[in-house]
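K.L.:
Mind looking over this structure? Questions follow.
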Amino acid sequence: MLNTFQQADHPALPKATADEAARQEFTKSFKGFIQSTLLPGLTPIYQTRVARKFEKDHGRAPADRRDIRSGMVGDIYFQHYAAANRIAQELLWESVNGSVDRQLPELIAQAKALSASTKAQLVIPEGFTPPRYVTALDIHCMPGGYCSEVCEDDVSVGALYDRGVYLYSMGYTGPNNDDMGRSVVNYIKRHMPDFKPRRILDMGCTVGHSTLPYKELFPEAEVWGIDVGGPCVRYAHARAAGFGLEVNYAQMSAEETTFPDAHFDLVVSHILLHETSGKAMPKIFAEAHRVLAPGGLMIHADLPPFDLMDPFTQFILDNETWYNNEPFWGAMRDMDQIALAEKAGFNRADVKFDTAPMAVMEFAAAAEGYSQEASEAVAEREFTAGEFAPGGGWEVLIARKPLAQKIAA
Ligand SMILES: C[S@@+](CC[C@H](N)C(=O)[O-])C[C@H]1O[C@@H](n2cnc3c(N)ncnc32)[C@H](O)[C@@H]1O
């Protein structure tokens, strides 16, 4: 079934001309075609040609995703699939970039006006240096990455991300691109109905897609989103104001924030970790532990670890590492995050992985936040291995800081 619902408009969002909208819609449909038509073809190709040839050449069956990849890369069907995927990704950003460039002065003026209309804080420190793992390449082929600033008060990469990510996820994260945040909040409300966080920190918030549901569903809480990208938090601040939500944003690294110890009851992130590095992740966990109050929760929603899936699915997902400028995508999935959380100060017994079902797939949640049409479009669709949010749930690492922790002698 086709996904027919559109991104919800808001005052900070770039507006597309008819031509721009047509190009953008094409890239979304092209991605949909690749996912629904080309991707399923990889399984029979692997089973009938590649695995057999591998076995003949090596005298054994492929053992892991690396073996599978070594066989698949020479196959013409896979080459066409991977090339089409890369082209779709580049076209997607290009279709939005021109539109953002055309209206940049108006987007900046609009963001400034929106930001001026809210009491929420926006903190952009002088001379902030983002980490190299963010600036060294254009992650997921997004021109300019998250941090490029082309003029004063720039919001361009924020605007680019807001529209581009909607096309990337083909709308399946909901009209406000907020399914991850909404799903985690729903998860908290369902499993911990008495948990009422007073202060919430969203690390690596980009433009606040996942941050806003926390304010919406915990309206009494003070909510902060932090990101290393200046244009992202500037845009996020304006976007929240456009939705009438008071959410604070700061350009800050999750590795080392300026918040006091034990300041937050809830520290979350959504698809942040796989865009960092092996050195940064332990620091991010340690920082989350430091700023959490006793009894507080750290929740990271990100890509499921590879050991939860079969080698062929691992191979398909790992194509993002190879062809979509996501250098840490595969390595992060191999890391032992439970051990990392323990090293950061959490007790192993208080750490676990779980699945937060996608909010857009849940009828009750859909009735509150999404149209019937949207929820049915997603719920009726069959997800293929390797697709966005396979199985319709977000993997969450959850750790609770103990109420009282023994202090080492
Ligand atoms: C995929 S995006 C996250 C999307 C966002 N959380 C959401 O749910 O819409 C990853 C973000 O993490 C940010 N980032 C990477 N390393 C960071 C760090 N050390 N501290 C804060 N933000 C970081 C990037 O700038 C980027 O905006």
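Residue numbering for the sequence shown follows UniProt numbering, beginning at 1 and increasing consecutively.
No residue lacks a Cβ here, since even glycine has one placed at the ideal position from N, Cα and C.
Would you list the residues sitting across from W224 in a DSSP beta bridge?
P.N.:
Start at 1 with the first residue of the sequence shown, and residue 224 comes out as number 224. Answer is L201, N248.
K.L.:
If you run the structure through DSSP and keep just helix, strand and coil, what is D354?
P.N.:
Position 354 of the sequence shown, counted from the first residue, corresponds to residue 354. Strand at D354.
K.L.:
From the DSSP secondary-structure annotation, give me the bridge partner or partners of M298.
P.N.:
For the purposes of this step, residue 298 is taken as the residue at position 298 of the sequence shown. DSSP output for M298 lists V267, A399 as bridge partner(s).
K.L.:
Output the residue ranges of the alpha helix (DSSP H) runs that lie fully inside the region 16–47 and measure 4 residues or longer, sorted by chain position.
P.N.:
The qualifying runs are 18–33, 42–45.
K.L.:
So if I measure from each beta-carbon to every heavy atom of ligand 1 and keep distances below 6 Å, which residues remain?
P.N.:
Checking every Cβ against the heavy atoms of ligand 1 under 6 Å gives P131, V134, Y146, M180, M203, G204, C205, T206, H209, S210, I226, D227, V228, G229, C232, S253, A254, E255, H270, I271, L272, E275, T276, A280.
K.L.:
Tell me the DSSP secondary structure of L292 in three-state form.
P.N.:
Residue mapping note: residue 292 aligns to position 292 of the sequence shown, counting from 1. Strand.
K.L.:
Under 8 Å between the Cβ atoms of V267 and C232?
P.N.:
Position 267 of the sequence shown holds residue 267. Position 232 of the sequence shown holds residue 232. No. Outside cutoff.
K.L.:
Report all residues from its chain with a CB closer than 7 Å to the CB of C141; omit the five preceding and five following residues, and keep chain order.
P.N.:
What you label residue 141 is simply residue 141 of the sequence shown in a count that begins at 1. Q89, E90, W93, N324, N325, listed in sequence order.
K.L.:
Please state if the CB of R198 and the CB of E222 are separated by a distance shorter than 8 Å.
P.N.:
Residue numbering aside, residue 222 sits at position 222 when the sequence shown is read from its first letter. Residue numbering aside, residue 198 sits at position 198 when the sequence shown is read from its first letter. For E222 and R198, yes; Cβs fall inside 8 Å.
K.L.:
Anyone know if the C-beta pair for Y235 and G127 falls short of 8 Å?
P.N.:
On the sequence shown, position 235 is the one that residue 235 refers to. On the sequence shown, position 127 is the one that residue 127 refers to. No, the pair does not count as a contact, with Cβ atoms beyond the cut-off.
K.L.:
Would you mind reading off the limits of the alpha helix (DSSP H) that contains A136?
P.N.:
As a first step, residue 136 must be located in the sequence shown, where it is residue number 136. Looking at the DSSP string, A136 is not in any alpha helix (DSSP H), and its letter there is neither H nor E.
K.L.:
On the three-pair Cβ rule with 8 Å, is the region 17–37 touching the region 92–112?
P.N.:
In short, these stretches touch, since the Cβ pair count reaches three.
K.L.:
Measure from the alpha carbon of L107 to the alpha carbon of each residue in M72, N177, D153, then state which is nearest.
P.N.:
Position 107 of the sequence shown, counted from the start, is the residue given in the question as residue 107. Residue D153 is the option with its Cα nearest to L107.
K.L.:
When you compare only the Cα positions, how much space is there between P213 and L245?
P.N.:
Position 213 of the sequence shown, counted from the first residue, corresponds to residue 213. Position 245 of the sequence shown, counted from the first residue, corresponds to residue 245. One C-alpha to the other measures close to 10 Å.
K.L.:
Can you list, in chain order, the stretches of the beta strand (DSSP E) that have 3 or more residues and sit fully within the region 121–183?
P.N.:
Taking only runs of at least 3 residues, no beta strand (DSSP E) segment lies wholly in the region 121–183.
K.L.:
Three-state secondary structure (DSSP) at E326?
P.N.:
By 1-based counting over the sequence shown, the position of residue 326 is 326. In this structure, E326 counts as coil in the three-state DSSP scheme.
K.L.:
Considering only residues of the same chain and omitting the five flanking positions on each side of V396, which have a CB-CB separation below 6 Å?
P.N.:
Looking up residue 396 in the sequence shown gives position 396. These residues qualify, in order along the chain: I299, A301, D354, A356.
K.L.:
Report the three-state DSSP secondary structure of G393 (helix, strand or coil).
P.N.:
Against the sequence shown, residue 393 aligns to sequence position 393. Strand, per DSSP.
K.L.:
Taking the alpha carbon of T211 as the reference point, which residue from M180, G74, M72 has its own alpha carbon closest?
P.N.:
Here residue 211 corresponds to residue number 211 of the sequence shown, with the count starting at 1. For the residues M180, G74, M72, the minimum Cα distance to T211 belongs to M180.
K.L.:
Where does the unbroken alpha helix (DSSP H) through F78 begin, and where does it stop?
P.N.:
Stepping through the sequence shown from its first residue, residue 78 is reached at position 78. Unbroken alpha helix (DSSP H) run through F78: 76–102.
K.L.:
Under the rule that 16 or more other beta-carbon atoms within 10 Å means buried, what is E287, buried or exposed?
P.N.:
Mapped onto the sequence shown, residue 287 falls at position 287. Buried, since its Cβ has 16 or more Cβ neighbours within 10 Å.
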